[in-house]
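Chain order of the listed sequences is A and U.
Its first residue numbered 1, the first sequence is counted upward by one per residue in this note's numbering.
Its first residue numbered 1001, the second sequence is counted upward by one per residue in this note's numbering.
Each residue gets a CB set at the ideal place from its N, CA and C atoms; glycine is no exception.
All values reported here derive from a predicted model rather than from experimental measurement.
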Amino acid sequence: MLNRMWQAGVAAAVIAAAASGATAQTQGTIKIGVLHSLSGTMAISETTLKDTILMMVDDINKKGGLLGKKVEAVVVDPASNWPLFAEKARDLLSKEKVAAVFGCWTSVSRKSVLPVFEELNGLLYYPVQYEGEESSRNVFYTGAAPNQQAIPAVEYLMGEEGGAAKRWVLEGTDYVYPRTTNKILEAFLKSKGVAADDIKINYTPFGYSDWQTEVAAIKSFASGGKKTAVVSTINGDANVPFYKELANAGIKAAEIPVVAFSVGEEELAGIDTKNLVGHLAAWNYFESVKNPTNDAFIKEWHDFIKNPKRVTNDPMEAHYIGFKMWTQAVRQAGTTDVDAVRQAMYGQKVKAPSGFIAVMNTNHHLSKPVMIGEIRPDGQFDVVWQTKEAIKADAWSPYLLEDKGKIADWTYPWVCGNCTEAKYKD
Amino acid sequence: MGPVVTVRLLRWVGIVLLLLASSVSARADDFATLVGDLASDSFADKERAVTALGVLDDPRAVSVLQALSEGRLLKTTDGRVVISKIAGGTTRVRDAVTGEDIAGADPDRFDRVIVNNRLRGAIEGALAALTLFSIDRDARLVAARDALRHPSAGEAALLEKAIAVEQDPEIRAAVQLSLSAARLVSGSRQERLTAIRALGTTTDPQIKNLLDEFRAAPDTDPELKKAADAALTSIGNRLRLVSIAANLFQGISLGSVLLLAAIGLAITFGVMGVINMAHGEMIMLGAYTAYVCQQSFRALLPADWIDAYLSVAVPVAFFVAGGIGVALERSVIRFLYGRPLETLLATWGVSLILQQAVRSIFGSPNKEVSNPSWMTGGFDPIGGFTITWNRLYIILFCFIVLSVLALILSRTSFGLHMRAVTQNRPMASVMGIRTARIDALTFGLGSGIAGMAGVALSQVGNVSPNLGTIYIVDSFLVVVFGGVGNLLGTLVGALSLGIVNKFLEPVAGAILGKIVVLVAIILFIQRRPRGLFALKGRTAEAEA
């Protein structure tokens, strides 16, 4: 009996000591979580984003930290494993007590961590263009919604300057992002008077490598008597063989332009782009944009990563904006408390490397410019079209019937991300 | 014969001179203004300038337009338009109007004149008009073919002039076809009728497009419409045949990729009975060897030798992957003969080690392996379907590898020993064959072939550390389906899988097609567990 009590006492003492040690350690620092895959299939894209956050943390610490404290990044590796994302998120929020988390790439990983962030009232900054149809109180979406990427790209190709396309191939990888985006695009095209016969939708698995049939099908679909364009939501590795097959089959951008939503500077690094000149991509930022903010951003990146050949891309810019906004909101609130920071986030402005001022809206999405770029022989993009001002993101698509009347607004009187009626009524 | 040629030549030269002379007076300042317009910020202005340059008949326009389409036309800070050109490792910058060199200019400081797809089309059209009378045969041929893409009244006149002086039969045919297309758009009723008949004999999807558009126009004459319908039906029929041929080719091509990936496994798994999970990594190592060879060629040898890097990469990859295979056999696998489960786990571990090693050395992003120029692009044998060179060469390469391997197995003493050891190890040993050495060499041969496959596969797909995992499942599928221990089975298995897949895909889609094939294979293996070609008679003894 005594023995057991003694054991319990020791255990309690050890725990208390550990706890006090932990608080002593955190007193001088603000912890943030970095939740990006550093191994597995998504490592190719996500490793760069981890480095971007580390660069930003390094930068702010050099400038004296935040609220007089040093910022410390806690990096975890969810290994491209969707359930593991949720576990690691729980660790970050409940064990490490991080003030905010910067992370996720695929929509499926975001959907996996969402319940954890809502349950523990955490803050997630999500930096990748996605399919929309979401607005959580605990997530700030710094990537593009469909109306900031997919819709303007299609409108551009419909216009005179883009070649006045009348027939559309929607080619995607088989998972939630392409399927939702294509659903929105199909509704949009039909609203513009495109007949069902003039839309062809096709899906292939992740990592697909034999594109002969698909490319031949695109070619024959394009011989239907109308100018044809291809909208590609192909993700990951599968893009390399797809573009190789396109180039070898002699599909020139002037005849059948292919516009991609998931291909940026980083993805093109693995492809010989000489035969792809003129094919397009739509983003909110390109490395080739010329302005002082972008020059400084690129220089900072090259200095940090110690390799002048590394490229920057759109999701990196989104993290840049997200991190800056978070630090500004923390300063404004004077605390890292999640609820206070969230309130301070609304209306936060950042001068972005795109050359525009990015603004955080009350639907937790950004106002950003839309840019259409054409591939250059050196793997960079030439911006051939851009919006005159920043466009506000729609969380819910006006082109989908089921979204009719849905509002995302986290300020009074609405205070909700997915409702047709305000929470508070006078 | 002689005089006719001379007369034609004279006429040809005459037309060129006439074209030049007619505009020589006005062109000097026009040219400068138009080139200045190219530097405008508006794409519409640029397009007008390009079109105007195309009909200006100024010889300098060709180099300006080419520079524009290749992104070498720059805008200086003081508004001059210059052309940059890389020659012998240094960049030369010259004024686009006067042509004089600008010494000491740094082209990186200038803004490039940006081109979009619409402008690229206009440049192509303008260049086609300018080069239709070029002395260079290839340039004329390209121009004649390109003319098909932008038929117009102005072009019909130009093409008529071209056909009057053109001698080369191939170019004449191309000009004639483009002329028919141009007449369809702009000619008289009778001209249109003849044009439709001429166009109806082709199988070009572009022409089908053109005819479709013509037919759909609301004010088309009913008789012309009927002729267009007939032409479209005949093109449609031919295109259907073409699509069957295309499916067949694509099937053989996919089959050859599967076969290449599986041949190595047919030896290590099929002949030796080792469940080799590291087979995919041997393919991956071969692909990285191709990458390293390409990079060393780029760094060490003159630029025009780069096309030869593959001929070095293939043998190097064989020895790299083969060497690692021998080392693997000597250090791990030989202790595990007769214990399939342990072999599976051990080789799987090795595959993870190899993947991570490559990731540590080369990094996780994909590496760019470009096709040499002789493997880039394709050709169109019957119209409407392109055979790409890289796929054609891979089919050839695959069959060469297979036949050499078959010869080694059946005609060399090494092949004899190999077969002897697999069929009856104790007896072979008694006969004086060093079975351990044969084991190592056989495993090395299988791995080396996988390495060569990797070089070939780097030409169609990704080069990344997990390249091997993509092919390992398909490889086992092919070997098991074809019948373990049988090269002919592997060949038939790979080709039939490829062809069935490609005929299913257009109907069922890529995902459903693959599922159907997998289900069919499962059912087949239920009926015939030993695959298509089962070994008959006394098979390999149970290893102990």
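Per DSSP, the unbroken alpha helix (DSSP H) holding Lys299 of chain A starts and ends at Pro292 to Ile305.
By the C-beta density criterion, Ser232 of chain A is buried, having at least 16 other C-beta atoms within 10 angstroms. Beyond the five residues adjoining it in sequence on each side, Glu1329 of chain U comes within less than 8 Å, by CB distance, of Asp1439, Ala1440, Phe1443 and Gly1444 in the same chain, given in chain order.
In the DSSP assignment, Gly373 of chain A falls within the unbroken beta strand (DSSP E) covering Met371 to Ile375. For Trp283 of chain A, the enclosing beta strand (DSSP E) stretches over residues Leu280 to Trp283. Between the segment 1043-1059 of chain U and the segment 1117-1129 of chain U, the count of Cβ pairs shorter than 8 Å is three or higher; the stretches touch. With respect to Ala1231 of chain U, Arg1197 of chain U sits close: the two C-beta atoms are nearer than 8 Å. By the Cβ-count criterion, Phe1481 of chain U is buried, with 16 or more other Cβ atoms from all chains shown falling within 10 Å of its own Cβ. Any Cβ of chain U closer than 8 Å to the Cβ of Ile271 of chain A would place that residue at the interface, and such an atom is present. In this structure Pro205 of chain A is exposed. Its beta-carbon is surrounded by fewer than 16 other beta-carbon atoms within 10 angstroms.
Between Leu1074 of chain U and Arg1048 of chain U, the C-beta spacing is not below 8 Å. Annotation: the continuous alpha helix (DSSP H) that includes Arg1330 of chain U extends over Tyr1309 to Ser1331. Excluding residues up to 5 positions away in sequence, Ser232 and Ala281 lie with their Cβ nearer than 6 Å to the Cβ of Ala260 of chain A in the same chain. Secondary structure at Ser1447 of chain U: helix, using DSSP grouped into helix, strand and coil. The alpha helix (DSSP H) runs of length 4 or more contained entirely in the segment 1223-1257 of chain U do not exist; there are none. In the three-state reduction of the DSSP assignment, Thr41 of chain A falls in the coil class, being assigned neither a helical nor a strand state.
Nearest in C-alpha terms to Lys192 of chain A, of all of A:Tyr175, A:Tyr208 and A:Ala164, is A:Ala164. Interface residue (Cβ-Cβ distance to chain A less than 8 Å): Thr1376 of chain U is classified as such. Residue A:Val194 holds the alpha-carbon nearest to the alpha-carbon of Met158 of chain A among A:Met42, A:Glu389 and A:Val194. Cβ proximity to chain U below 8 Å picks out nothing from the segment 136-158 of chain A. For the pair Ala1327 of chain U and Leu1344 of chain U, the Cα-to-Cα distance works out to about 17 Å.
Under DSSP, no beta-bridge partner is assigned to Glu131 of chain A. Just measuring C-alpha positions, the residue of A:His302, A:Lys368, A:His279 and A:Thr411 sitting nearest Arg342 of chain A is A:Thr411. Rounded to the nearest angstrom, the Cβ distance from Ala1147 of chain U to Glu1155 of chain U is 6 Å, consistent with a contact under 8 Å.
Going by DSSP, Glu171 of chain A is part of the beta strand (DSSP E) stretching over Arg167 to Thr173. Bounds of the alpha helix (DSSP H) holding Leu114 of chain A are Ser107 to Leu120. Comparing alpha carbon positions, the residue from A:Gln380, A:Pro413 and A:Tyr243 closest to Asp426 of chain A is A:Pro413. Straight-line measurement puts the Cα of Val1507 of chain U at about 21 Å from the Cα of Ala238 of chain A. Cβ contact annotation for Asn1462 of chain U (same chain, cutoff 6 Å, sequence separation greater than five): Asn1366, in chain order.
Take Val1093 of chain U, set aside five residues on each side of it, and the residues of its chain with a beta-carbon closer than 6 Å to its own are Val1082, Ser1084, Ile1102, Ala1105 and Pro1107, in chain order. At least one C-beta of chain A is nearer than 8 Å to the C-beta of Thr1386 of chain U. DSSP places Thr52 of chain A in the helix class (H, G or I) of the three-state scheme. The beta carbon of Pro178 of chain A lies closer than 6 Å to those of Gly172 and Thr233 in the same chain, with the five residues before and after it left out. Taking CB atoms only, Lys309 of chain A has no neighbour in chain U less than 8 Å away. Assignment of alpha helix (DSSP H) within the segment 1338-1393 of chain U, counting only whole runs of 4 or more residues, yields 1340-1362 in chain order.
In chain order, Val34, His36, Leu38 and Val75 place their CB closer than 8 Å to the CB of Lys50 of chain A, counting only its own chain and leaving out the 5 sequence neighbours on each side.
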